[in-house]
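Asker: Numbering (this note's numbering), first residue to last: 63 to 480.
My questions all concern the structure below.
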Amino acid sequence: MRSELKLLTVLFCCVFASAALAETFPTMKPEEVGFSSERLDRIGAVLKADIDQGKIPGAVVFIAREGQMVYFESFGMQDKAAGLPMKKDSIFRVHSMTKPVIGVAAMILLEEGKLVLADPVSKYIPSFKDTQVAGQIKKSEDGKEAVESTVKPRNVMTIQDLLRHTSGLSYWFWPPKALQDMYLKAGLKGNDHTLAEMCDKLAKIPLVADPGTKYVYSMSYDVLGRVIEVVSGIPLDKFLQERIYEPLGMNSSGFQLKDADVQRLVYMDPKDFFYTDPTKPAKYISGGGGMVSTAMDYARFAQMLLNGGQLAGKRLLGPKTVAFMTSDHLGPLGNRDDGMYIPGRGYGQGFGFYVRAEDGHAYFPGNIGEYYKGGAGGTVFWVDPSEDLVAVFMITASALRNHYRYLIKSLIYQAIIN
């Protein structure tokens, strides 16, 4: 009797999950929403050829237009050495695709009146009250660099600065050697600390620029994760679970894998610079890059944004807030061509997204107002309101991430015929 009840429960859950998927993304023939099936087939042909040549082990591609799913395929292997094929529900390390989720979490608190973008970061994390800016950097005869002086910031670091990477913070691998050594000495390359401990360590390191004056891709979203904890009164991972994952049905997303989900994790070489291990309990919850997710989970998140903040009857944000956070907040500080400018040619910065600011400069098709975000391992998603389009592309191939982002976006847009 007990086993029969268990079987009925499993069947009910499967049916319910399938119904929920159909409700969110009804399957539609591509031609009915302006795609060419023949042209979409080029995606699979290109990826299969590259997999056969050993360029990438596998991939998952999801495309929806007008809320209708027109393409959802998996290719190659999830773990080649173990003989595990890639599946549509394979779980990927999405790295910096964590940042848009953190941006949404911050906007939820803003809409509840618990957070204001002009608030100083030090209001929530007092250790940032005394943060200094690096002055002159001195180089000794043996080639070693050291920060010779620091100065008081001209501007206060705000929540808005965290959201648009104008905080003056950095990642350990970006700044001049003298500051890089300080990041490393503080242990900020690793994760053997809590979010609160990390922030207190980071606040003691001089900033690379005055807040509000320069875009520098940084640990801003890790700090923002701590702000969310302080404001909400609960751990970051719990806040995201209760306020974002559960309402959106993102059942395979988070910072640590459930035991039953470990077998779905896509293999990543432990020697990879960006390797993380979500199978072990994490002391440090990285708002800048610690999430894992599936193509479908992230598609639900993306569709929520395209829908103006709601999905399947669950509203996370108001449409005005979504429009605000997905617009360019850098203006003249952005749209640069130098290699340190992570959004890339033709793009500005929203709150966790790169926003297309002008035509004629990017390496791939798109429309002004389209926004996207990629992860260091190779994953990427984007939303194009002009085309009513959501797309998610998942691979684990960090060295080739830009090549495949440009390639897959081009292949998807060439398939739009109406």
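For every residue, glycine included, the Cβ atom is placed at its ideal position computed from N, Cα and C.
In this text the structure is predicted, and so the values were computed from the model without any measurement.
Going by beta carbon distance, what residues of the same chain come within less than 6 Å of K149, once the five residues before and after it are set aside?
Answerer: Once the five neighbours on either side are set aside, the close Cβ partners of K149 are S136.
Asker: Just tell me which of T458, V270, A453 and G437 has its CA closest to the CA of P332.
Answerer: When only C-alpha atoms are compared, the closest one is T458.
Asker: For Y416, collect the residues of the same chain with a Cβ closer than 6 Å to its Cβ; drop the 5 residues on either side in sequence, then sort them by chain order.
Answerer: Within the same chain, Y416 has close Cβ partners P405, Y409 and Y434.
Asker: Note down, in chain order, each residue of its chain lying with its Cβ closer than 7 Å to the Cβ of F336, except the 5 sequence neighbours on either side.
Answerer: Here the set comprises H157, A438, G439 and S460.
Asker: Counting only runs that start and end within the stretch 84-154, where is the alpha helix (DSSP H) found for 4 or more residues in a row?
Answerer: Within the stretch 84-154, the complete alpha helix (DSSP H) runs of at least 4 residues are 99-114.
Asker: By the three-class DSSP mapping on this structure, what secondary structure does I478 have?
Answerer: Residue state, collapsed to three classes: strand.
Asker: Please list, in chain order, all residues of the same chain as I118 whose beta carbon is under 6 Å from its beta carbon, the five residues on each side excluded.
Answerer: Correct list, in chain order: D112, I457 and A459.
Asker: If we ignore side chains and look at the alpha-carbon of each, how far apart do K251 and E207 end up?
Answerer: Cα to Cα, K251 sits roughly 19 Å from E207.
Asker: Helix, strand or coil, according to DSSP, for S472 in the structure here?
Answerer: S472: helix per DSSP, three-state reduction.
Asker: Determine the extent of the alpha helix (DSSP H) in which A180 is found, giving its start and end residues.
Answerer: Counting along the chain, A180 falls outside any alpha helix (DSSP H), and DSSP gives it neither H nor E.
Asker: Is L298 closer than 7 Å to I347 when the C-beta atoms are compared?
Answerer: Yes, they are a contact pair.
Asker: Beta-carbon within less than 8 Å of P343's beta-carbon, same chain only, minus the 5 sequence neighbours each way: which residues are those?
Answerer: Hits under 8 Å: Q318.
Asker: Please report the distance separating the alpha-carbon of R305 from that of S211.
Answerer: Computed Cα separation, rounded: 44 Å.
Asker: Which value, in whole angstroms, describes the spacing of the CA atoms of I479 and D390?
Answerer: Each residue's alpha carbon lies about 28 Å from the other.
Asker: In angstroms with no decimal places, state the Cα-to-Cα distance between T228 and E93.
Answerer: Cα to Cα, T228 sits roughly 43 Å from E93.
Asker: Using a Cβ-Cβ cutoff of less than 6 Å, which residues in the same chain neighbour K471 once the five nearest sequence positions on both sides are dropped?
Answerer: Excluding positions up to five away in sequence, the list reads F426.
Asker: Can you tell me whether S282 is buried or exposed? The criterion is at least 16 other CB atoms within 10 Å of its CB, across all chains shown.
Answerer: Flag for S282 reads buried.
Asker: Could you tell me the alpha carbon to alpha carbon distance between L395 and Q411, rounded to whole angstroms?
Answerer: Using only the alpha carbons, I get a separation of about 10 Å.
Asker: Mapping the DSSP letters down to three states, classify S294 as helix, strand or coil.
Answerer: Helix.
Asker: Alpha carbons only, please: which of S189, Y475 and L302 is nearest the one belonging to D446?
Answerer: Here the closest residue by C-alpha is Y475.
Asker: Could you please give me the residues that DSSP links to D446 through a beta bridge?
Answerer: BP columns for D446 point to L451.
Asker: Using the rule of at least 16 other Cβ atoms within 10 Å of the residue's Cβ for burial, across every protein chain shown, is R155 buried or exposed?
Answerer: R155 comes out buried.
Asker: Considering only residues of the same chain and omitting the five flanking positions on each side of S184, which have a CB-CB separation below 7 Å?
Answerer: Correct list, in chain order: F190 and K191.
Asker: Under 7 Å, do L102 and A477 count as touching if we go by C-beta distance?
Answerer: Yes, they are a contact pair.
Asker: I need the boundaries of the beta strand (DSSP E) containing R418, first residue and last residue.
Answerer: Unbroken beta strand (DSSP E) run through R418: Y416 to R418.
Asker: Using a 10 Å radius around the Cβ and a threshold of 16 neighbouring Cβ atoms, would you call V464 buried or exposed?
Answerer: According to the sequence as given, residue 464 is Asn; it is not Val. Looking at its Cβ environment, which holds fewer than 16 other Cβ atoms inside 10 Å, N464 is exposed.
Asker: Could you give the distance in angstroms between the alpha-carbon of V209 and the alpha-carbon of E174?
Answerer: Roughly 42 Å between the two C-alpha positions.
Asker: Given a threshold of 16 other Cβ atoms within 10 Å of its Cβ, counted over all protein chains shown, does W234 qualify as buried or as exposed?
Answerer: When all chains shown are included, W234 counts as buried.
Asker: My understanding is that L269 touches A196, with C-beta atoms under 8 Å, so please give their C-beta distance in whole angstroms.
Answerer: Yes, they are in contact, since the Cβ atoms of L269 and A196 sit about 7 Å apart, within 8 Å.
Asker: DSSP three-state call for A461: helix, strand or coil?
Answerer: The answer is helix: DSSP assigns A461 an H, G or I state.
Asker: Short of 7 Å in beta carbon distance, which residues of its chain neighbour Y468, apart from the five on each side in sequence? Order them along the chain.
Answerer: Contacts found: Y425 and F426.
Asker: Under the assumption that Q303 contacts G311 (Cβ atoms under 8 Å), give the Cβ distance between them as a whole number of angstroms.
Answerer: In fact, because the Cβ distance is near 12 Å, the residues do not count as touching under 8 Å.
Asker: So, for Y307: in the same chain, excluding its five sequence neighbours on each side, which residues have a beta-carbon less than 6 Å away from its beta-carbon?
Answerer: Excluding sequence neighbours, Y307 sits near S315.
Asker: Could you tell me the alpha carbon to alpha carbon distance between D359 and I153, rounded to whole angstroms?
Answerer: Taking the straight line joining both Cα atoms gives about 10 Å.
Asker: Here's a check: name, in chain order, each residue in its chain whose Cβ is nearer than 7 Å to the Cβ of Y186, leaving out the five neighbours to either side.
Answerer: Once the five neighbours on either side are set aside, the close Cβ partners of Y186 are V289, V292 and V293.
Asker: Would you call the CB atoms of R147 and M139 closer than 7 Å?
Answerer: In the sequence as presented, Arg is not what sits at residue 147; that position holds Pro. Contact: yes.
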